[in-house]
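Asker:
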């Protein structure tokens, strides 16, 4: 700035250099901005009040969610155990059904032989 001879302007020593009176349009715009800022501040205050009212509810929801998570984990363990028990019982039932088929066949053979013996005895008595 000193090369061009503008030392005083560069230093800002003249109080009138950076200041001027605002026009009516600028004053109106500034007033509108201040009004809008006031409305925003009021809305932020209302939102803050709502959040303050919701804070205990949110904390209670968090506590309840933790309890439900613990219950769900317990149920998961119980379901896994029940699934294992059902698989074990299913295997035992399958083994019993195989044994039952063999036992049923044996009983039928014994009854068949007994019936043949009875028929033979009756035939011998008749002859």
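Residue numbers (UniProt numbering): 1 to 127.
No residue lacks a Cβ here, since even glycine has one placed at the ideal position from N, Cα and C.
Could you tell me which whole beta strand (DSSP E) segments of length 3 or greater appear in the segment 37–75?
Answerer: Counting only runs of 3 or more, we get nothing.
Asker: With DSSP collapsed to three states, give me the class of residue 21.
Answerer: Within the chain shown, numbered from 1, the residue matching residue 21 stands at position 21. In this structure, residue 21 counts as coil in the three-state DSSP scheme.
Asker: Nearest-angstrom Cα distance between residue 106 and residue 123?
Answerer: Here residue 106 is taken as the residue at index 106 of the chain shown, counted from 1. Here residue 123 is taken as the residue at index 123 of the chain shown, counted from 1. If I take the Cα positions, the gap works out to 26 Å.
Asker: Tell me the rounded alpha-carbon separation between residue 31 and residue 64.
Answerer: To locate residue 31, count along the chain shown from 1; it is residue 31. To locate residue 64, count along the chain shown from 1; it is residue 64. Distance between the alpha carbons of residue 31 and residue 64 is about 49 Å.
Asker: Consider the C-beta atom of residue 99 and the heavy atoms of the ligand SAM; say whether any pair is separated by less than 8 Å.
Answerer: This structure does not include the ligand SAM; it has no bound ligands of any sort.
Asker: Distance check for residue 118 and residue 125, CA to CA, integer angstroms please.
Answerer: Along the chain shown, read from residue 1 onward, the residue named residue 125 stands at position 125. Along the chain shown, read from residue 1 onward, the residue named residue 118 stands at position 118. Roughly 11 Å between the two C-alpha positions.
Asker: Where does residue 80 sit, in a helix, a strand or coil, going by DSSP?
Answerer: Stepping through the chain shown from its first residue, residue 80 is reached at position 80. In this structure, residue 80 counts as helix in the three-state DSSP scheme.
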